[in-house]
Amino acid sequence: DVELRKGAPDEHFLRGQRRRTRPARKLGRGGARRVALLLGIASLVGAFVWAAAAMSRAPELSVHRIRVDGNERLSDGEILELLELTSRSNILTLDLEDVRQKLLRSAWVREVAIERVLPATLTLAIEERRPVAIAVLDALYLLSADGTILDELSPDYEIESLLLAQGIAEDDGISLERAVLAGRIAEALGEVPRLAGAVSEIDVASGPESIALRLREPPVTVLASEQDLVDRLTETFPLLNGLTVKFPALEIVDLRFRDRAYLKLAEPEDIGGASF
Numbered sequence: 252d253v254e255l256r257k258g259a260p261d262e263h264f265l266r267g268q269r270r271r272t273r274p275a276r277k278l279g280r281g282g283a284r285r286v287a288l289l290l291g292i293a294s295l296v297g298a299f300v301w302a303a304a305a306m307s308r309a310p311e312l313s314v315h316r317i318r319v320d321g322n323e324r325l326s327d328g329e330i331l332e333l334l335e336l337t338s339r340s341n342i343l344t345l346d347l348e349d350v351r352q353k354l355l356r357s358a359w360v361r362e363v364a365i366e367r368v369l370p371a372t373l374t375l376a377i378e379e380r381r382p383v384a385i386a387v388l389d390a391l392y393l394l395s396a397d398g399t400i401l402d403e404l405s406p407d408y409e410i411e412s413l414l415l416a417q418g419i420a421e422d423d424g425i426s427l428e429r430a431v432l433a434g435r436i437a438e439a440l441g442e443v444p445r446l447a448g449a450v451s452e453i454d455v456a457s458g459p460e461s462i463a464l465r466l467r468e469p470p471v472t473v474l475a476s477e478q479d480l481v482d483r484l485t486e487t488f489p490l491l492n493g494l495t496v497k498f499p500a501l502e503i504v505d506l507r508f509r510d511r512a513y514l515k516l517a518e519p520e521d522i523g524g525a526s527f
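Every position in the sequence shown, counted from 1, becomes a number in my numbering once 251 is added.
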């Protein structure tokens, strides 16, 4: 028989298994200062967040007043409708770029500058587009210099200074390229005193190299390229009355060729053509 006795554990074995514990370190002055600094920063951040949240709900900072400058075509009511502000709109948290984009939804608004005036005022400096022509589409529309269709022509709008713009419509809608061309031509003509009001209609269907302009007086059609349209028309316009006296059947003056002008008469089989 084998007798098992429990003897004392091997002292060497116990020494190998024994864990030594170290006394806890005490914070020095530097560590205590860092902890205090971090706690202070956390307190300030918390206070700032609380204050910001409280201010965002403060009724004194709600947008109470809107000052608008530069609007002629758009009424104050239409501008307020575009802004979509509510009684909870806070002057501090209001996204000004979002407000700007909402105003630009109107075709009349070309650009707008927005500023906050504390405690509760929003200022809008609006730059409106102005019509330079009447676009002939399915109906008559006001056209700006950058080719934007502004609005349908209303009976009360003054149209004496505006010319008709033909050739903008396509089979599937509006040609943006031609609309921009028509607006550009109409603006260029309006900036020359001698030509402003002299043209009653333009047709841009054939593109910038062959623009047809119908004059009010004398009632003839001029063909020109956009590149030198204003210069050629300016130098030719004073001669047109004399040409209509000399050629009573004058129908078209073609200025598309450099240094030349070709005349087309209404009855070429009898009268023939001419150039100068």
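Glycine included, every Cβ here is placed at the ideal spot set by N, Cα and C. Note that the coordinates shown come from a computational prediction; the quantities given were computed from them, not determined experimentally.
### Task
Would you give the residue range spanned by the beta strand (DSSP E) that threonine 399 belongs to?
Annotation: threonine 399 is outside any beta strand (DSSP E) and is labelled neither H nor E by DSSP.
### Query
In or out: proline 382 buried (at least 16 other Cβ within 10 Å) or exposed?
Flag for proline 382 reads buried.
### Task
Determine the contact status of serine 476 and arginine 435, defining contact as a CB-CB distance below 8 Å.
For serine 476 and arginine 435, no; Cβs fall outside 8 Å.
### Among Asp389, Leu347, Ser395, nearest to threonine 372 - alpha-carbon criterion
Answer by Cα proximity: Leu347.
### Task
Assign leucine 414 to one of three DSSP states: helix, strand, or coil.
Strand, per DSSP.
#### Entry: Straight-line Cα distance separating aspartate 505 from glutamate 332
The alpha-carbon of glutamate 332 is positioned some 50 Å away from that of aspartate 505.
### Task
Kindly list the residues whose CB is nearer than 8 Å to the CB of alanine 433, restricted to its own chain and excluding five residues on each side of it in sequence; keep chain order.
Ala384, Ala386, Leu394, Gly398, Ala416, Gly418, Ile419, Ile453, Val455.
### Query
Cα-Cα, which of Leu388, Gly448, Arg483 is closest to glutamate 421?
Checked all of Leu388, Gly448, Arg483; the closest Cα to glutamate 421 is Leu388.
### Message
Using 8 Å as the threshold, is the C-beta distance between alanine 358 and aspartate 320 below it?
### Response
Result no, Cβ atoms of alanine 358 and aspartate 320 do not sit closer than 8 Å.
#### Entry: Host alpha helix (DSSP H) of glutamate 335 (start-end)
Premise fails: glutamate 335 is in no alpha helix (DSSP H) and is neither H nor E.
### Task
Return the CA-CA distance between isoleucine 522 and alanine 447, expressed in angstroms with no decimal places.
Residue placement at isoleucine 522 is poorly supported in this model, since its pLDDT is 48, which falls under 50; the coordinates still yield a value, given next. Going by C-alpha positions, isoleucine 522 is about 32 Å away from alanine 447.
#### Entry: Endpoints, the alpha helix (DSSP H) within which threonine 495 is located
From DSSP, the alpha helix (DSSP H) with threonine 495 extends over 480-497.
### Task
Would you kindly check if the distance between the Cβ of glutamate 323 and the Cβ of glutamate 411 is under 8 Å?
In this structure, glutamate 411 keeps its C-beta atom at 8 Å or more from the C-beta atom of glutamate 323.
### Query
Is aspartate 327 helix, strand or coil by DSSP?
Note: aspartate 327 maps to helix in three-state DSSP.
### Query
What did DSSP end up calling glutamate 428 once you bin it into helix, strand or coil?
Glutamate 428: helix per DSSP, three-state reduction.
### Query
Does the Cβ-Cβ distance between leucine 440 and valine 471 come in under 8 Å?
In this structure, valine 471 does not lie closer than 8 Å to leucine 440 by Cβ.
### Query
Expressed to the nearest angstrom, what Euclidean distance is found between the alpha-carbon atoms of serine 451 and threonine 337?
Answer to the nearest angstrom: the Cα atoms are 47 Å apart.
### Query
Run through DSSP, which three-state label would valine 471 get?
For valine 471, the three-state secondary structure derived from DSSP is coil.
### Query
Nearest to alanine 512 by alpha carbon, out of Leu491, Pro499, Thr374?
Among Leu491, Pro499, Thr374, the Cα nearest to that of alanine 512 is on Leu491.
### Message
I'd like to confirm the pairing. Which residues does DSSP put opposite valine 319 in its beta bridges?
### Response
Looking at the DSSP assignment, valine 319 forms a beta bridge with Leu375.
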